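Have a look at the structure below, then the notes.
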Amino acid sequence: MTAPPTIPMPLPPQRAASGAAKIVVPSLIGALVALTLGIYGRLHHPTGIAVNIAGFSSPGYVKSWLATVATVFALVQVGSALVMYGKVPHVAAPSWIGALHRWSGRLAFFLAVPVAIHCLYALGFQNYSTRVLLHSLAGCAFFGAFTVKMLILPKRGLPGWLLPVVGALVFTLLVVLWFTSAYWFFSTFGIHR
Amino acid sequence: MKRNTPLITLLTGAVLGIVLLVASMLATPSKAPAGYAGAATPTPASAATVASSSAAASPTAAASSSSATASANAQFRADYAGRVKGGIHASVAISIHGTQAVAYACNGSSVEAWLSGTASGGRLALTGKNGAVLTGNYDSRRAFGNVSADGITYAFSVHTVKKPSGLYRATADVRGAKIKAGWIVLPDGTEVGSLESNADSAAPSATAAPPLDVTTGTAQDGSTVLHVLSISGVTGSGF
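As you go down the protein sequences, you meet chains A and B in turn. Take the first sequence: its position 145, counting from 1, is numbered 145 in the numbering used here, and each next residue is one higher. Take the second sequence: its position 131, counting from 1, is numbered 1131 in the numbering used here, and each next residue is one higher.
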């Protein structure tokens, strides 16, 4: 979602926010989101159940497939970002690349939300194994980092490296989440619906 | 207002999350465990194959120098415990010692069952009094399947646990009646326990068990002090 708007936006007349505040405030909000999820997951008594989607053999499979599709969209994110930033040799950014980037990101996020809600409500923040602890931490951090990314996106005058770095962080966290959940789930219980 | 679209994305996601959370809260108490069990029944043969192969390759099993699968199964030892799906309090604990398996399912009051049976090739088959049945699959990490106790079927997927989490049992004779109590200590330390006051009956009736003190291994039932035994497939205690 880093495509420059097609119509140049006029700078707001006098937004006195300094460059640092533009980063600090979103970062604090993101940290708050991550903390809220972690604390809720730790305090809420896991129920072992949440709303389910029909057509799958178990909530584990629903979540694994949703997470897998979200991760595929995340790969589209990295690919489209590289094209937008002109990092892919001999590939000129097509006009629709911005829309592709925005919508793949939105879909990945919207797919990740139900998975996270099931995790938080039914399973909670757990630490009984390294995989589970890593997954719990990455899950909270992912939504925090995504919040930061969304909040700094419309801000102007930020260092050019900032968005790619935050975007890469969000992507890395999602991949860690996928490996510690869906990959483990499929390799343990088999790949099917 | 193109500048606000990331914020809209964020808020849409937040609203979606809140709606799902509220829906989950509304679904939890009314959802019948029996209905849920059907949806979660582990049917695929592939899962069974995976389970049995991982069981054979588990660290405990691998410790055996023998290469025969039957021998590897005979060495398999594990303890599992956790809440059932669809039930907030109902829990199940399963202990496997070689090919023997013991399980206890309990909702902390009147619904409970002791089961015993076999664990072989990644499959569990246990029965108990009053029509209690437990079937499922297991590997070195978790056990999943269905357990029926007192006419209620629960689906479960529970992970291995380490002491002090796991299964505990206490028996005592009080004025000619046999008391049998069971506690499942969950990984988070929660205890779920029931007490049968007529354990010799074909259909024992149960009530909530008195609190179990895991450190002393005792529970006080009225004037009777119950001494509990840890049921563990890993140590072989209770088998």
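Even glycine gets a Cβ: it sits at the ideal position worked out from N, Cα and C. This one's a predicted model, so the numbers in the text were calculated from it and none came from an experiment.
- One finds Gly1013, Leu1016, Gly1017, Leu1020 in chain B with Cβ atoms closer than 8 Å to the Cβ of valine 113 (chain A), taken in chain order.
- Rounded to the nearest angstrom, the gap between the Cα atoms of leucine 1167 (chain B) and alanine 1219 (chain B) is 14 Å.
- For glycine 139 (chain A), the closest of A:Val175, A:Lys87, A:His45, A:Ser129 by C-alpha to C-alpha distance is A:Val175.
- Straight across, the Cα-Cα distance linking alanine 1023 (chain B) with valine 115 (chain A) is about 14 Å.
- Classified as exposed, glycine 160 (chain A) has fewer than 16 neighbouring CB atoms from the shown chains inside 10 Å of its CB.
- DSSP places phenylalanine 1156 (chain B) inside the beta strand (DSSP E), whose first and last residues are 1152-1160.
- Rounded to whole angstroms, asparagine 1004 (chain B) and leucine 1010 (chain B) show a C-alpha spacing of 10 Å.
- For leucine 1007 (chain B), the C-beta contacts it makes with chain A under 9 Å involve Met150, Leu151, Leu153, Pro154, in order along the chain.
- For leucine 1186 (chain B), no beta strand (DSSP E) run applies, since DSSP gives it neither H nor E.
- Check the Cα spacing between alanine 1093 (chain B) and each of B:Leu1016, B:Gly1086, B:Glu1112: the tightest is with B:Glu1112.
- Here glycine 19 (chain A) is exposed: its Cβ has fewer than 16 other Cβ atoms, across all protein chains shown, within 10 Å.
- One alpha carbon belongs to leucine 153 (chain A), the other to threonine 180 (chain A), and they sit about 28 Å apart.
- Contact annotation, phenylalanine 171 (chain A) with alanine 34 (chain A): C-beta distance approximately 16 Å; criterion of less than 8 Å not satisfied.
- As DSSP reads the structure, leucine 1134 (chain B) sits in a beta bridge with B:Leu1126, B:Val1147.
- The bridge partners DSSP lists for serine 1230 (chain B) are B:Tyr1168.
- In the three-state scheme derived from DSSP, where H, G and I count as helix and E and B as strand, lysine 63 (chain A) is classed as helix.
- Tyrosine 85 (chain A) sits exposed, since fewer than 16 C-beta atoms from the chains shown fall within 10 Å of its C-beta.
- The three-state secondary structure of leucine 158 (chain A), taken from DSSP, is coil.
- Ranked by Cα distance from leucine 1124 (chain B), the options B:Gly1145, B:Ala1155, B:Thr1190 are led by B:Gly1145.
- When the Cα atoms are used, tyrosine 1104 (chain B) and glycine 1222 (chain B) turn out to be separated by approximately 23 Å.
- Between alanine 1199 (chain B) and threonine 1171 (chain B), the C-beta gap is smaller than 8 Å, which places the two residues in contact.
- Going by beta carbons, serine 1120 (chain B) and threonine 1099 (chain B) fall inside the 8 Å limit.
- Using beta-carbon distances, asparagine 1146 (chain B) does not count as an interface residue toward chain A, since no partner is under 8 Å.
- For proline 1187 (chain B), the chain A residues whose Cβ falls inside 9 Å of its Cβ are Gln126, Tyr128, in order along the chain.
- Against chain B, the CB of threonine 147 (chain A) has a partner CB under 8 Å away; the residue lies at that interface.
- Counting the other Cβ atoms within 10 Å of the Cβ of lysine 149 (chain A) gives 16 or more, which makes it buried.
- Taking a Cβ-Cβ threshold of 9 Å, the residues of chain B close to tyrosine 121 (chain A) are Leu1020, Leu1021, Ser1024, Met1025, Thr1028, in chain order.
- Below 8 Å, too few C-beta pairs join the region 125-139 of chain A and the region 78-96 of chain A to call them touching: fewer than three.
- Linking glycine 157 (chain A) to lysine 63 (chain A) through their CA atoms gives a straight-line distance of about 39 Å.
- When the Cα atoms are used, serine 1205 (chain B) and valine 1174 (chain B) turn out to be separated by approximately 16 Å.
- Under the three-state reduction of DSSP output, serine 1223 (chain B) falls in the coil class, being neither helix nor strand.
- Taken through DSSP and simplified to helix, strand or coil, valine 91 (chain A) comes out as coil.
- Aspartate 1213 (chain B) is classed as exposed because its beta carbon has fewer than 16 other beta carbons within 10 Å across all chains shown.
- At a cut-off of 8 Å between beta-carbon atoms, arginine 106 (chain A) makes contact with chain B.
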